[in-house]
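Q: If you scroll down you'll find the structure; I have some questions about it.
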Amino acid sequence: MSIFKRVSDIWKSNKAEPPAREANPFEETAVGDIVNVDLEEYVVSGKAVYFDRGFAPHRFAYYLRNGKHISCLLIEKGRTYECFLCEFVEGSLDDPNDVPTRLDVGGEMTYELEHYRTDMVRSEGNTDFRSNDEVMVWRYFGAEDKYFFLQWQDGKYVAMEATRTPAGLIKFMKSAK
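Each residue of the sequence shown is one higher than the one before, counting from 561 in this note's numbering.
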């Protein structure tokens with residue numbers, strides 16, 4: 561082996577390795593991981609990832625289980641992460657064309673339609689939706705940081721009342737696999 565080869569090998573070995581990509585728990589949490597929301601712990605029992613064809617995901621729904629209680633942590637990605645802790649609401653509609661622009665929930669709270677969109681969804685674990693199919697999503701807003709989400713896929717509606725939760729109150733812990 562020549563001296564030049566040895567020197568070049570030594571020089572290559574002293575180069576700094578590129579920094580490892582930092583994991584993003586808002587997007588990379590998996591089924592079985594633990595999520596702590598405002599000092600209450602949940603196990604992730606399902607995950608739905610919403611995206612437009614050809615683009616990166618922009619919404620993540622984590623189905624959270626605490627004993628027998630199931631709720632949902634909805635994370636919308638924009639300039640920052642908007643986080644919502646959601647409780648499922650019973651109800652039904654027959655046709656997605658009948659979705660109103662104003663919702664009156666139990667006579668206590670009124671919500672106004674903020675926006676509507678159609679996304680593709682990828683799901684794993686226990687969720688309400690089939691993977692790799694379209695989902696229609698309506699987002700409503702109300703008073704005092706209250707929100708309402710309505711989702712529809714092939715005749716099945718999922719309704720959730722939500723409270724905006726600061727991202728700083730959410731902690732993610734990986735499960736030992």
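Quick reminder that beta carbons are idealized off the backbone N, C-alpha and C, glycines included.
Since this is a predicted model, take the numbers as computed values, not measurements.
With 16 other CB atoms within 10 Å as the buried threshold, where does residue 599 fall?
A: Flag for residue 599 reads exposed.
Q: Keeping to the same chain, check which residues put their C-beta closer than 8 Å to that of residue 607; ignore five residues upstream and five downstream.
A: Hits under 8 Å: 589, 590, 591, 620, 621, 622, 623, 683, 684, 685 and 687.
Q: Apart from the five residues just before and just after residue 596, which ones in its own chain have a Cβ nearer than 6 Å to its Cβ?
A: Cβ neighbours of residue 596 beyond the five flanking positions: 731.
Q: Helix, strand or coil for residue 651 per DSSP?
A: DSSP places residue 651 in coil when its eight states are reduced to three.
Q: Expressed to the nearest angstrom, what Euclidean distance is found between the alpha-carbon atoms of residue 670 and residue 586?
A: Computed Cα separation, rounded: 30 Å.
Q: Can you pull the DSSP bridge partners for residue 659?
A: Its beta-bridge partners do not exist; DSSP assigns none.
Q: Relative to the alpha-carbon of residue 627, which residue among 603, 615 and 637 has its alpha-carbon at the smallest distance?
A: With distances taken between Cα atoms, residue 627 lies closest to 603.
Q: Could you compute how far the alpha carbon of residue 698 sits from the alpha carbon of residue 675?
A: Cα to Cα, the separation comes out at about 6 Å.
Q: Can you tell me which of 582, 723, 727 and 715 puts its alpha carbon nearest to the alpha carbon of residue 652?
A: Nearest of 582, 723, 727 and 715 to residue 652, Cα basis: 715.
Q: Beta carbon of residue 610, beta carbon of residue 654: below 8 Å?
A: The answer is no: Cβ separation not under 8 Å.
Q: Tell me where the beta strand (DSSP E) around residue 582 begins and ends.
A: Unbroken run through residue 582: none, as it is neither H nor E.
Q: In terms of DSSP beta bridges, what is residue 691 paired with?
A: Looking at the DSSP assignment, residue 691 forms no beta bridge with any residue, so it has no partner.
Q: Roughly how far, in whole angstroms, is the beta-carbon of residue 696 from the beta-carbon of residue 656, given that I think they are within contact range, below 8 Å?
A: Rounded, the Cβ-Cβ distance is 6 Å, consistent with contact.
Q: Should residue 640 go down as buried or exposed, given a rule of 16 or more other Cβ atoms within 10 Å for buried?
A: The residue in question, residue 640, is exposed, as its Cβ has fewer than 16 Cβ neighbours within 10 Å.
Q: Rounded to a whole number of angstroms, what is the C-alpha to C-alpha distance between residue 725 and residue 613?
A: Roughly 28 Å separates the two Cα atoms.
Q: Quick test of your reading: residue 665 and residue 708, contact by CB under 8 Å. State the CB separation rounded to the nearest angstrom.
A: With 8 Å as the limit, residue 665 and residue 708 qualify as a contact, their Cβ atoms being about 7 Å apart.
Q: Go ahead and pull the three-state DSSP assignment for residue 564.
A: Note: residue 564 maps to helix in three-state DSSP.
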